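A.B. asks: I'd like to ask you about the structure that follows.
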Amino acid sequence: MAAATEQKLPIDPKYDSYDFPTTAPEAQPGHPGHTTPEQDEKVLKLREDLEKDGYTERLDTLTLLRFLRARKFDLAASKAMFVGCEKWRKEFGTDTLPATFDYKEKAEVSKFYPQYYHKTDKDGRPVYIEKMGKIDLNAMYKITTGDRMLQNLVTEYEKLSDPRLPACSRKAGKLLETCCSIMDLKGVGITSIPSVYGYVRQASEISQNYYPERLGKLYLINAPWGFSSVFSVVKGFLDPVTVNKIHVLGSGYQKELLAQVPKENLPVEFGGSCSCEGGCELSDMGPWQEAEWARPPAWANKKEEAPAPAAVENEDPGYEKKDAEGQEGVQTSA
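When we follow full-length UniProt numbering, the leftmost residue of the sequence shown carries the number 1, and every step to the right adds one.
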């Protein structure tokens, strides 16, 4: 196969309308601006096949390239992944969530499971933080429901795609398609393993199947004793490209983390100097909030015409869920 050289992204005016840079900063094969003629041809063929099957949404070049990279540019596998994603989006009501979903209990839920986007790393990517050691599902189910937690997770993924990543790309002057994630494992013990496993399984399924190629780096900090040994076994089942993105760190993580995230962008509790008014966990600070770089997301224009997300039985945040024995089938990912 011919070597990839830096080039402009092949644009299809019918689907491509970008107001941010479209060349990836690193010359990685298959990434925008670094594709081969054969890879460009596969984008065209995948779009053509999907159009024949009646698909009209999300056929832009950047999106199709992500699905192709996720399946090593295997056309049949990439198409199957895209079709599966579209089926899920329709069933879940994904397209309407960013404009209509109101997670009014977010501040209360955050006390038992902090998860939030906060500023950027040194590469300009959004930083996403989770504190898994504080998970208390029983307390959370007195405030919200498993269904609403899952809707919030998907809403935030949609907002990562637009407006967060486009705003970061404009500010950085280069295409940014991934985020830098920090997962704090402090306090994760034997009693919380079921909760943690449920979250990891659910989040991984949604991320891998429906939002491919969004992970830039993942820092697992405050990893408990023995975690590294377990992870070394798990690595054997992961794609080498994914493994290289994951960094398992113990309690002495600050030096390596600060090498990736500017001190002024990292919350104080993780060794940084940022202390947002009202708390970093609820600030949602980043280029997507800065007038110079922010633009109204595409989904904002559809708010009035979009129906509300499908009603969920007993969705009232004041509704208390059943105990563990009565939660079969409840999706517990936030």
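Here a beta-carbon is modelled for each residue, glycine too, at the ideal position from N, C-alpha and C.
As the structure is a computational prediction, the values presented were derived from the model and not from experiment.
Suppose contacts are defined by Cβ-Cβ distances below 7 Å. Is arginine 170 in contact with tryptophan 299 by that definition?
C.D. replies: Against the sequence shown, residue 170 aligns to sequence position 170. Against the sequence shown, residue 299 aligns to sequence position 299. For arginine 170 and tryptophan 299, no; Cβs fall outside 7 Å.
A.B. asks: For lysine 104, name the three-state secondary structure that DSSP assigns.
C.D. replies: Residue 104 sits at position 104 when you count from the first residue of the sequence shown. Coil at lysine 104, not helix or strand.
A.B. asks: For alanine 223, which option in Gln289, Val188, Thr22, Arg148 has the closest C-alpha, if you only look at C-alpha atoms?
C.D. replies: Residue 223 sits at position 223 when you count from the first residue of the sequence shown. The candidate whose alpha carbon is nearest that of alanine 223 is Val188.
A.B. asks: Starting from aspartate 184, trace the beta strand (DSSP E) both ways and give me its first and last residue.
C.D. replies: Translated into the one-based positions of the sequence shown, residue 184 becomes position 184. From DSSP, the beta strand (DSSP E) with aspartate 184 extends over 179–184.
A.B. asks: Are the beta-carbon atoms of leucine 59 and arginine 71 separated by less than 7 Å?
C.D. replies: Walking along the sequence shown from the start, residue 59 turns up at place 59. Walking along the sequence shown from the start, residue 71 turns up at place 71. No, these two residues do not count as a Cβ contact at 7 Å.
A.B. asks: Bridge partners for threonine 96 per DSSP, in chain order?
C.D. replies: Against the sequence shown, residue 96 aligns to sequence position 96. In DSSP, threonine 96 forms no bridge with anything.
A.B. asks: For threonine 120, which option in Gly279, Gly278, Lys263 has the closest C-alpha, if you only look at C-alpha atoms?
C.D. replies: By 1-based counting over the sequence shown, the position of residue 120 is 120. Checked all of Gly279, Gly278, Lys263; the closest Cα to threonine 120 is Lys263.
A.B. asks: Verify whether the separation of the beta carbon atoms of glycine 133 and cysteine 179 is less than 7 Å.
C.D. replies: Indexing the sequence shown from 1 puts residue 133 at position 133. Indexing the sequence shown from 1 puts residue 179 at position 179. No.
A.B. asks: For the putative contact between leucine 160 and isoleucine 206, defined by C-beta atoms under 8 Å, what is the C-beta separation to the nearest angstrom?
C.D. replies: Against the sequence shown, residue 160 aligns to sequence position 160. Against the sequence shown, residue 206 aligns to sequence position 206. Rounded, the Cβ-Cβ distance is 12 Å, inconsistent with contact.
A.B. asks: For my contact list, lysine 42 and leucine 62 are in at a C-beta cut-off of 8 Å; report their separation, rounded to the angstrom.
C.D. replies: Here the question's residue 42 lines up with position 42 in the sequence shown. Here the question's residue 62 lines up with position 62 in the sequence shown. In fact, because the Cβ distance is near 14 Å, the residues do not count as touching under 8 Å.
A.B. asks: Within its chain, find whatever has a CB closer than 7 Å to the CB of alanine 172; leave out the 5 residues flanking it on each side and keep chain order.
C.D. replies: For the purposes of this step, residue 172 is taken as residue 172 along the sequence shown, with counting starting at 1. Result list for alanine 172: Gly124, in chain order.
A.B. asks: Using a Cβ distance threshold of 8 Å, determine whether the region 246–262 contacts the region 270–279, with at least three qualifying pairs required.
C.D. replies: Short answer: they touch.
A.B. asks: Using alpha carbons as the reference points, say which of His34, Leu257, Lys131, Val241 lies closest to glutamate 281.
C.D. replies: Taking the sequence shown and counting its residues from 1, one reaches residue 281 at position 281. Out of His34, Leu257, Lys131, Val241, Lys131 has the C-alpha closest to the C-alpha of glutamate 281.
A.B. asks: Under the three-state reduction of DSSP, which class applies to lysine 111: helix, strand or coil?
C.D. replies: Indexing the sequence shown from 1 puts residue 111 at position 111. Three-state result, lysine 111: coil.
A.B. asks: Closest to tyrosine 141 by CA distance: which of Tyr128, Val109, Pro114 is it?
C.D. replies: Sequence index remark: in the sequence shown, residue 141 carries index 141 (1-based). When only C-alpha atoms are compared, the closest one is Val109.
A.B. asks: With DSSP collapsed to three states, give me the class of proline 126.
C.D. replies: By one-based count along the sequence shown, residue 126 stands at place 126. Proline 126 falls in the strand class under three-state DSSP.
A.B. asks: Return the first residue and the last residue of the alpha helix (DSSP H) that glycine 146 is part of.
C.D. replies: Along the sequence shown, one-based indexing puts residue 146 at 146. Its alpha helix (DSSP H) spans residues 146–159.
A.B. asks: Taking just the CA atoms, how far does phenylalanine 101 sit from proline 163?
C.D. replies: As a position in the sequence shown, residue 163 is number 163, starting the count at 1. As a position in the sequence shown, residue 101 is number 101, starting the count at 1. If you take the alpha carbons of proline 163 and phenylalanine 101, they lie about 16 Å apart.
A.B. asks: Starting from the Cα of isoleucine 246, find the closest Cα among Thr145, Ser228, Gln254 and give me that residue.
C.D. replies: As a first step, residue 246 must be located in the sequence shown, where it is residue number 246. Cα-wise, what sits closest to isoleucine 246 is Ser228.
A.B. asks: For proline 114, which residues in the same chain have their Cβ closer than 8 Å to its Cβ, ignoring the five residues on either side in sequence?
C.D. replies: Locating residue 114 in the sequence shown gives position 114, counting from the first residue. Within the same chain, proline 114 has close Cβ partners Ile129, Glu130, Lys131, Lys134, Glu281.
A.B. asks: From arginine 214 to threonine 96, what distance separates their C-alpha atoms?
C.D. replies: Looking up residue 214 in the sequence shown gives position 214. Looking up residue 96 in the sequence shown gives position 96. Approximately 21 Å, taken between the alpha carbons.
A.B. asks: Measure the C-alpha to C-alpha separation of leucine 176 and phenylalanine 112 and round it to an integer number of angstroms.
C.D. replies: Locating residue 176 in the sequence shown gives position 176, where the first residue counts as 1. Locating residue 112 in the sequence shown gives position 112, where the first residue counts as 1. Spanning the two alpha carbons is a distance of roughly 31 Å.
A.B. asks: Out of Cys168, Ala77, Asp136, Phe92, state which residue places its alpha-carbon closest to the alpha-carbon of tyrosine 117.
C.D. replies: By 1-based counting over the sequence shown, the position of residue 117 is 117. Cα-wise, what sits closest to tyrosine 117 is Cys168.
A.B. asks: Taking only the alpha-carbon atoms, compute the straight-line gap between leucine 249 and serine 232 and give it to the nearest angstrom.
C.D. replies: In the sequence shown, the residue the question calls residue 249 occupies position 249. In the sequence shown, the residue the question calls residue 232 occupies position 232. In a straight line, the C-alpha of leucine 249 is about 13 Å away from that of serine 232.
A.B. asks: Just curious, the alpha helix (DSSP H) that valine 248 is in, first and last residue?
C.D. replies: As a working note, residue 248 is residue 248 in the sequence shown. That residue, valine 248, is in no alpha helix (DSSP H); its beta strand (DSSP E) goes 246–248.
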